[in-house]
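Visitor:
Put into structure tokens, the structure is as follows:
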């Protein structure tokens with residue numbers, strides 16, 4: 149009985165862990181197959197225009213978590229960084245979408261787009277190129 | 009009363025812009041803004057501490073004019089490769105009241121993923137933070153160190169710039185070149201103060217290398233500065249001409265346009281909560297002119313503890329010689345000679361400042377900063393200095409920086 153409880157606990161922990169996993173996605177038409185997190189952060193911090201970043205909603209948990217993991221920056225630091233680029237006319241911040249499904253739709257529709265969603269929301273309209281721990 | 013009205017106006021404008029941005033609902037139009045609501049005072053009524061080119065500084069009475077500003081920006085995406093951007097900025101600059109200027113307005117064409125060209129009124133990026141020096145939220149310190157940023161008064165040019173950006177693995181290389189003509193006003197704090205109008209064809213180039221949290225930038229800019237109505241200098245050169253010192257008058261004055269070069273190297277680091285920003289710059293006259301050569305530098309170090317970032321900075325500028333050599337026939341001790349020999353050396357000043365930035369809410373940061381300003385010669389960058397005053401000045405300030 150105890151073992152069963154422990155097993156159940158462990159699997160639920162694993163499930164919780166799995167559900168918190170964020171993946172970086174591109175369109176199926178995008179030739180990229182793999183990416184390092186440093187590379188992904190370049191697009192989301194306005195350092196490269198090769199891909200078009202698609203962001204989750206401001207203030208969302210997944211967004212804060214994503215920037216922390218790929219760039220080691222909290223939302224205020226990311227905002228300050230973007231305000232440099234925006235108010236010098238160098239770049240416009242990534243377009244925001246309210247949830248995983250909308251991000252996925254936007255990424256699937258644009259061969260240059262790059263986004264991030266909860267792993268559980270992935271389907272065959274998009275391609276996973278990076279899994280964040 | 010005026011202050012309260014202004015504060016209310018800023019908040020109203022902020023709210024209105026947000027509401028408008030929300031209701032416009034045009035996917036291609038984005039409206040954003042930034043601002044600072046700040047209050048500052050110093051410990052003396054014997055001199056005023058101002059930002060560069062401000063007609064009014066702070067003394068021992070608290071004032072909001074030193075740091076308060078409001079910027080509004082609209083960008084319209086015409087198509088995949090073409091967009092238009094305009095930005096207006098309200099602040100206290102060369103006039104003692106708040107005024108609004110068009111800081112930039114340009115069409116930007118994305119040639120490809122690495123190259124873009126902008127045509128219109130664009131930034132003149134002399135130094136490391138020149139292009140976002142008015143955006144408090146994007147900066148750690150409350151204001152750019154006047155010791156360095158006071159060396160180059162020009163903020164924008166009507167012309168064009170080109171940006172090239174390429175990634176080599178994790179290393180990012182950017183270069184930006186610009187050319188154009190800058191026109192604007194300069195505040196001359198001599199006597200009771202006056203405003204001069206300048207015209208300056210300018211060009212420059214900068215190279216930026218970025219590797220993770222490390223950024224290094226090298227910049228060079230040249231301007232051919234021409235001012236016809238620089239009252240105190242014109243008064244002196246008229247007198248010099250009258251007494252037969254025509255060549256010296258031509259050497260000193262700006263009515264014919266004089267070439268001045270700015271070279272700077274700057275670096276920033278944001279690594280393991282250690283934040284560093286440092287820069288060294290030289291201003292050099294390329295033709296004889298009264299404006300002295302200077303060397304300026306500053307270093308800021310901070311350590312981020314969660315949402316709180318305490319920082320310390322030291323800044324300095326020094327005389328690096330004059331491009332004007334008065335003839336031996338000009339006596340040093342008469343009124344005219346004393347005026348010339350008194351004019352040519354650069355003021356010198358150092359500052360130590362401590363401050364803290366607190367990102368206490370979304371898109372809003374609170375800053376508190378204390379500057380200890382130490383003029384070394386000619387009262388440094390202080391303005392309206394009372395005769396006989398030569399002490400140090402302490403300036404304390406608090407500000408809310410926001411973006412929307």
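Residue numbers (our numbering), protein chains in the order written: chain A, 149 to 281; chain B, 9 to 412. Quick reminder that beta carbons are idealized off the backbone N, C-alpha and C, glycines included. Being a predicted model, the structure only gives us computed values, none of them experimental.
1) Would you call the region 214-229 of chain A and the region 190-206 of chain A in contact, with 3 or more CB pairs under 8 Å?
2) If you reduce the DSSP assignment to three classes, tell me which class residue 345(B) lands in.
3) Using a Cβ-Cβ distance cut-off of 7 Å, determine whether residue 215(B) contacts chain A.
4) If you follow the alpha helix (DSSP H) that residue 214(A) is in, where does it begin and where does it stop?
5) Residue 93(B): buried (16+ other C-beta within 10 angstroms of its C-beta) or exposed?
6) What did DSSP end up calling residue 131(B) once you bin it into helix, strand or coil?
7) Quick one: is residue 250(A) near chain B, going by C-beta distance under 7 Å?
8) Please identify the residue among 55(B), 59(B) and 79(B) whose C-alpha is closest to the C-alpha of residue 69(B).
9) Whose Cβ in chain B lies nearer than 9 Å to the Cβ of residue 278(A)?
10) At the level of alpha carbons, what is the spacing between residue 148(B) and residue 239(A)?
11) Could you check what DSSP says for residue 235(A) in three-state terms: helix, strand or coil?
12) Compare the C-beta of residue 319(B) against all C-beta atoms of chain A and say whether one is closer than 7 Å.
13) Under a three-way DSSP split, which group does residue 287(B) fall into?
14) Can you name the start and end residues of the alpha helix (DSSP H) that residue 87(B) belongs to?
15) Quick check on this structure: which residue in 279(B), 105(B), 120(B) and 124(B) has the alpha carbon closest to the alpha carbon of residue 114(B)?
16) My assumption, with CB atoms under 8 Å, is that residue 168(B) sits in contact with residue 196(B). Please give the rounded CB distance.
17) In chain order, what residues of the same chain lie with their CB nearer than 7 Å to the CB of residue 21(B), ignoring the 5 residues before and after it?
18) Would residue 413(B) pass as a contact of residue 60(B) if the rule is Cβ separation under 7 Å?
19) For residue 48(B), tell me which candidate among 42(B), 57(B) and 97(B) has the shortest Cα-Cα distance.
20) Exposed or buried, what is residue 278(B) when buried is set at 16 or more other beta-carbons lying within 10 Å of its beta-carbon?
21) Can you grab the Cα-Cα spacing for the pair residue 264(B) / residue 237(A), in whole Å?
22) Look at residue 251(A) and residue 265(A) and say whether their C-beta atoms are less than 7 Å apart.
23) Taking three-plus beta-carbon pairs below 8 Å as touching, is the region 124-135 of chain B in contact with the region 176-188 of chain B?
24) Return the Cβ separation of residue 302(B) and residue 194(B) in integer angstroms, given the expectation that the two are a contact with Cβ distance under 8 Å.
25) Using beta carbons (cut-off 7 Å, strictly below), is residue 364(B) in contact with chain A?
26) In or out: residue 304(B) buried (at least 16 other Cβ within 10 Å) or exposed?
Guide: On the basis of the coordinates in this document:
1) yes
2) helix
3) no
4) Run containing residue 214(A): 209-219, per the alpha helix (DSSP H) assignment.
5) buried
6) strand
7) no
8) Residue nearest to residue 69(B) within the set 55(B), 59(B) and 79(B) is 55(B) (criterion: CA-CA distance).
9) Per Cβ cutoff of 9 Å: no residues; residue 278(A) is ~15 Å from chain B at best.
10) 21 Å
11) Three-state DSSP puts residue 235(A) in coil, outside helix and strand.
12) no
13) strand
14) That residue, residue 87(B), is in no alpha helix (DSSP H); it is neither H nor E in DSSP.
15) 124(B)
16) No, residue 168(B) and residue 196(B) are not in contact; Cβ-Cβ is about 30 Å, not under 8 Å.
17) Any reading at residue 21(B) must be qualified, since the residue scores a pLDDT of 49, below 50, and its modelled position is unreliable; no value is offered.
18) Nothing can be reported for residue 413(B): it is not among the residues displayed for chain B, which extend from 9 to 412.
19) 57(B)
20) buried
21) 34 Å
22) yes
23) At 8 Å Cβ cutoff, the stretches touch.
24) Contact flag wrong, Cβ pair sits at about 16 Å.
25) No, residue 364(B) does not count as interfacial toward chain A.
26) buried
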